[in-house]
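Notes to accompany the following structure.
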Amino acid sequence: MAVIDVGSNTLRLLIGCFHEGRIVRMRQERSVTRLGQNIQRAGSLNKEGIKKSIRILASFKEILNEYGALPVIAVGTSALREAIDSRSFIERAREETGIGIEIISGEREAELTLKGLRGDILHGTAQKPDIIVDLGGGSTEIIVCGDGMSKGSIPIGAVKLFDLFLHSDPPTAEELHKAIQHVYKEINRYILKNNLRSVLLNSGELIATGGTATTVAAIDLGLGTYDGERVHHHRITYLALKTLHAKLSGMTVAERAGIRGMGPDRADIIVPGILILLILMEIMKKNRITISDYGLLEGILSEGQSSLMGRG
């Protein structure tokens, strides 16, 4: 089957299936659209992002046609949850590409992300549950695994933070300070509302998924070509991440784009993305983070395949 994620920063397609607990990937495509750029100020989707998203969805439709009558599930996340014109975008996408998009809540996004993570990366217990962080362009989902599972969404992401605060290239110390204050405020508000302080401080592994996390792993590994199998399970210490952030913060976007492992379309938003990861590690008092190459798309695929098998 095929699954599509219409995100704030990226449009992604995965065609595949699960076999004996492992995913078989037949085709993967991704394209940066910045659909959610400046959504905090405008309240609506980025106009250029809309045009690009429709073009990319049309190209995805052509790919899907090559595979015949595949079941297709397409979901919209943070940008489509927030934008005042999301419904008109969805209608246009359906009319021009034939692809129907379902907007999912932040909690549902977190639930699907958990389903997508391979079981071999989770080792927590009821007393020390693992924490999963899905850091996207417009929101960050936090999942506490275990018996008393908690899942929810915080309205901060790499694109959103970049748009709100980091207007210089490279960012100024004042801009970074304001971004840090904002992230602390939003995360602490979420923790207080959900009474998670003690749980997070007494948790097991901190596992991160999403474009920022996998890019960090690719840079740390020095990957010239992205390799999901090497990225999956990669661990990076707080000190190494802090050092990387300091280095990248002092570079221009053009300079960052030349770093091995850095996709050129990630170079502008990697600094705010890493900032969110660092603050989460500081709040939870973690000295390392584990990266997962699996997440939302794989969760949609897993659930969709199970549903199809159930109907069969």
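To convert a position in the sequence shown, counted from 1, into the numbering used here, add 26.
The beta carbon of each residue, even a glycine, is placed where N, CA and C say it ideally should be.
Exercise for review: Answer yes or no: does any C-beta atom of chain B fall closer than 8 Å to that of G230?
Suggested key: This model lacks chain B altogether, as it is built from one protein chain only.
Practice item. Could you name each continuous beta strand (DSSP E) segment of 3 residues or more that falls completely within the stretch 105-192, going from the start of the chain to the end? Key: Listed in chain order, the complete beta strand (DSSP E) runs (minimum 3 residues) inside the stretch 105-192 are 127-129, 157-161, 166-170, 176-180.
Point to revise | Under 8 Å between C-beta atoms of N220 and S176 | key: Residue numbering aside, residue 220 sits at position 194 when the sequence shown is read from its first letter. Residue numbering aside, residue 176 sits at position 150 when the sequence shown is read from its first letter. The Cβ atoms of N220 and S176 sit closer than 8 Å to each other.
**Study point:** Simplified DSSP state of M52, which is helix, strand or coil
**Key:** On the sequence shown, residue 52 is found 26 positions in, with the first residue counted as 1. In the three-state scheme derived from DSSP, where H, G and I count as helix and E and B as strand, M52 is classed as strand.
Check your understanding: Per DSSP, what kind of secondary structure is R60 in: helix, strand or coil?
Key -> Along the sequence shown, one-based indexing puts residue 60 at 34. In the three-state reduction of the DSSP assignment, R60 falls in the coil class.
Check your understanding: Are the stretch 313-322 and the stretch 261-277 touching, with three or more C-beta to C-beta distances below 8 Å?
Key -> Touching, yes, given that three or more Cβ pairs across the two stretches are closer than 8 Å.
**Study point:** Classification of R223 by the beta-carbon crowding that lies within 10 angstroms, buried from 16 upward
**Key:** Counted from its first residue, the sequence shown places residue 223 at position 197. Sixteen is the threshold: since fewer than 16 other Cβ atoms of the shown chains lie within 10 Å of the Cβ of R223, the residue is exposed.
Point to revise | Supposed close pair G237, T36 - CB separation, criterion 8 Å | key: As a position in the sequence shown, residue 237 is number 211, starting the count at 1. As a position in the sequence shown, residue 36 is number 10, starting the count at 1. The beta-carbon distance between G237 and T36, rounded to whole angstroms, is 6 Å. This is short enough to meet the 8 Å contact definition.
Practice item. Measure the C-alpha to C-alpha separation of I305 and I206 and round it to an integer number of angstroms. Key: The residue labelled residue 305 in the question sits at position 279 within the sequence shown. The residue labelled residue 206 in the question sits at position 180 within the sequence shown. Taking the straight line from one Cα to the other gives about 8 Å.
Review point. Which stretch, first to last residue, makes up the beta strand (DSSP E) that contains T235?
Key: The residue given as residue 235 occupies position 209 in the sequence shown. Per DSSP, T235 belongs to the beta strand (DSSP E) from 232-235.
Review point. From A68, N228, I302, pick the residue whose C-alpha is nearest to that of E212; which is it?
Key: Mapped onto the sequence shown, residue 212 falls at position 186. It is I302.
Practice item. Could you have a look at I82 and say whether DSSP puts it in helix, strand or coil? Key: The count along the sequence shown starts at 1 and reaches residue 82 at position 56. Residue state, collapsed to three classes: helix.
Review point. The alpha helix (DSSP H) with T263 in it runs from where to where?
Key: Along the sequence shown, read from residue 1 onward, the residue named residue 263 stands at position 237. Per DSSP, T263 is not a residue of any alpha helix (DSSP H); the beta strand (DSSP E) it occupies stretches across 261-263.
Check your understanding: With which residues is D31 paired in a DSSP beta bridge?
Key -> Numbered from its first residue, the sequence shown carries residue 31 at position 5. According to DSSP, D31 bridges with R38, V101.
Point to revise | Proximity of T278 and D156 at Cβ, strictly below 8 Å | key: Residue mapping note: residue 278 aligns to position 252 of the sequence shown, counting from 1. Residue mapping note: residue 156 aligns to position 130 of the sequence shown, counting from 1. Taking 8 Å as the Cβ cut-off, T278 and D156 do not qualify as a contacting pair.
Practice item. Specify, as a first and last residue, the run of the alpha helix (DSSP H) that R282 falls within. Key: Residue mapping note: residue 282 aligns to position 256 of the sequence shown, counting from 1. Start and end: 279-283.
Practice item. Along the alpha helix (DSSP H) that carries R314, what are the first and last residues, could you check? Key: In the sequence shown, counting from the first residue as 1, residue 314 sits at position 288. Note, R314: premise wrong, no alpha helix (DSSP H); beta strand (DSSP E) at 314-317.
Practice item. Please determine, among I233, I245, R56, the residue with the shortest C-alpha to C-alpha distance to L140. Key: For the purposes of this step, residue 140 is identified with residue 114 of the sequence shown, where counting begins at 1. Comparing C-alpha distances from L140 to each of I233, I245, R56 shows the shortest one belongs to I233.
Review point. Ordered along the chain, which non-local residues of its own chain (more than five positions away) have a Cβ less than 7 Å from that of E92?
Key: Along the sequence shown, read from residue 1 onward, the residue named residue 92 stands at position 66. Cβ neighbours of E92 beyond the five flanking positions: none.
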